[in-house]
Amino acid sequence: MAGAPLVLVMLVAAVGVVAAERGGGKLWQGYYEQSCPRAEQIVKDYVERQIPLEPSVAATLIRTHFHDCFVRGCDASVLLNATTGGGEAEKDAAPNLTLRGFDFLDHVKALVEQECPGVVSCADVLALASRDAVGVIGGPFWRVPTGRRDGRVSIKQEALDQLPAPTMNFTDLLASFRAKGLGVADLVWLSGAHTIGISHCNSFSERLYNFTGRSGPGDADPSLDAEYAANLRRTNCTTPTDNTTIVEMDPGSFLTFDLSYYHGLLKYQGLFQSDAALIADDAARADVESVAKGPPEVFF
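With mature numbering (1 follows the signal peptide of the UniProt record, and there is no 0) applied, the sequence shown covers -20 to -1, 1 to 280.
Structural data, given as structure tokens:
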């Protein structure tokens, strides 16, 4: 792949979604240099203190940032609560019910507010905290242009309609990304964020028990490594109705930002159907192989 590292793709994608969806003010590096010069350092210091104490928050920050950007652009609308008479918010949509870290973000924002009341947007705090958290768990640093404006509208149905689902096949995934001006490479490289984090069994249980509708452990997804599937049924998701047990998305490495997610894909050990879809398409598989077999610097 003649592409940039994952983090640059993430940045370009996020900025592109903002431009496409919001058409708001321009973003640039150092937006707060005059109005709140310590803003980025305040966020960084807090993240570097706290993530070692609760490293799983890094994954939820990245996920929250993606879910925010993919719906209305990076405007922090995923952080808004439903209002009386205003209908349910993005936060209330099923894909967002397992988002965590809201208290973490509230605390970071409060620290920034103490320094510069009413200056730094929640959207920028989320973008900066996500970047800094990835760095703490071994991932790379990337520059984050700032100047995002916080949204005032948050609609549950938009999240339901627009967020890519873990059960999607490649055709549906690509259509979802193309609707945001993104392509195959963006899909493959952004999926690399699955190198960290956890999932609940109900996000992929049909791959273990009911893939064709016949039900039972013999009805597993043939694109999932049989030994891996059997182990998941035996030690984690022991019933098809389990919606509480959590599973590492990148077994043995779910707290470290590395290449093992892509290695797992090529062993048919992607947890979600949407992960397996990345090696079902020739172009996407070529990108996966490029990352997995290339030097770490390609990814980082």
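Cβ atoms here follow ideal geometry from the backbone N, Cα and C, with glycine treated the same way.
Integer Cβ distance of residue i from residue j, believed to fall under 8 Å
i      : j      : result
ILE22  : GLU95  : 6 Å
PRO144 : ASN190 : No, PRO144 and ASN190 are not in contact; Cβ-Cβ is about 21 Å, not under 8 Å.
CYS16  : LEU59  : Contact flag wrong, Cβ pair sits at about 19 Å.
GLY131 : ALA56  : 6 Å
Start-to-end residues for the beta strand (DSSP E) that takes in residue i
i      : result
HIS174 : Note, HIS174: premise wrong, no beta strand (DSSP E); not H, not E.
GLU228 : 226 to 228
Beta carbon of residue i nearer than 8 Å to that of residue j
i      : j      : result
VAL105 : TYR12  : no
GLU68  : GLU138 : no
CYS24  : ASP112 : According to the sequence provided, residue 24 is Lys. The question's Cys does not apply to it. Yes, they are a contact pair.
TYR241 : GLY163 : no
VAL124 : TYR26  : no
LEU246 : ALA272 : yes
ARG213 : PRO197 : yes
PHE84  : ALA260 : no
THR192 : ASP238 : no
ASN216 : THR224 : no
ALA256 : LEU204 : yes
VAL92  : ALA19  : yes
LEU77  : HIS47  : no
VAL168 : VAL268 : yes
LEU188 : ALA209 : yes
LEU235 : PRO35  : yes
Host alpha helix (DSSP H) of residue i (start-end)
i           : result
GLU95       : 82 to 95
ILE42       : 37 to 52
ILE117      : Segment: none, ILE117 is in no alpha helix (DSSP H) and carries neither H nor E.
residue 281 : Absent from the structure is residue 281, since the part of the chain shown begins at -20 and ends at 280.
ASN211      : 206 to 215
LEU153      : 150 to 158
LYS273      : 262 to 273
TYR26       : 19 to 30
GLN142      : 136 to 142
TRP8        : Per DSSP, TRP8 belongs to no alpha helix (DSSP H) and is neither H nor E.
ASP188      : The residue asked about is misnamed: residue 188 is Leu in this sequence, not Asp. Element bounds for LEU188: 186 to 189.
SER254      : 253 to 256
ALA74       : It is not in any alpha helix (DSSP H) - ALA74 carries neither H nor E in the DSSP assignment.
residue 281 : Because the chain spans -20 through 280 in this model, residue 281 falls outside it and cannot be assessed.
Cut-off 7 Å between Cβ atoms - residues of its own chain near residue i, not counting five sequence neighbours on either side
i      : result
GLY81  : VAL37, THR40, LEU41 and THR44
SER183 : PRO146 and PHE252
GLY244 : ASP230 and GLY250
GLY50  : Rather than Gly, the amino acid found at residue 50 in this sequence is Phe. Cβ neighbours of PHE50 beyond the five flanking positions: VAL(-4), GLN142, LEU143 and LYS160.
ALA62  : GLU68, ALA69 and ASP72
TRP8   : PRO125 and GLY127
GLY110 : Correcting the residue identity first, residue 110 is Ser in this sequence and not Gly. Only LEU41, ILE42 and HIS45 meet the Cβ criterion.
PRO276 : LEU239
LEU153 : PRO144, LEU167, SER254 and ALA257
ASP199 : TYR189, ASN190, PHE191 and THR192
ASN195 : The sequence given here has Ser at residue 195, not Asn. The residues are TYR189.
Cut-off 6 Å between Cβ atoms - residues of its own chain near residue i, not counting five sequence neighbours on either side
i        : result
ALA266   : none
ASP222   : CYS181
SER185   : CYS217 and PRO220
ALA90    : none
SER233   : SER240
VAL(-14) : For VAL(-14), the pLDDT reaches just 48, beneath the cut-off of 50, and the residue's location in the model is therefore unreliable, leaving the point undetermined.
MET148   : SER254
ALA(-2)  : With a pLDDT of 43 at ALA(-2), under the threshold of 50, the modelled position of this residue cannot be trusted, and the question is left open.
ILE135   : none
Proximal residues to residue i (C-beta, below 8 Å), its chain only, five neighbours per side dropped
i      : result
ALA263 : VAL164
LEU140 : ALA73, ALA74 and PRO75
ALA107 : ALA(-7), HIS45, CYS54, VAL124, THR126 and ARG128
inquiry  = Within 8 Å, do at least three Cβ pairs link the segment 220 to 233 to the segment 112 to 129?
reply    = no
key: Any 3 or more C-beta pairs closer than 8 Å across the segment 247 to 264 and the segment 169 to 179   = yes
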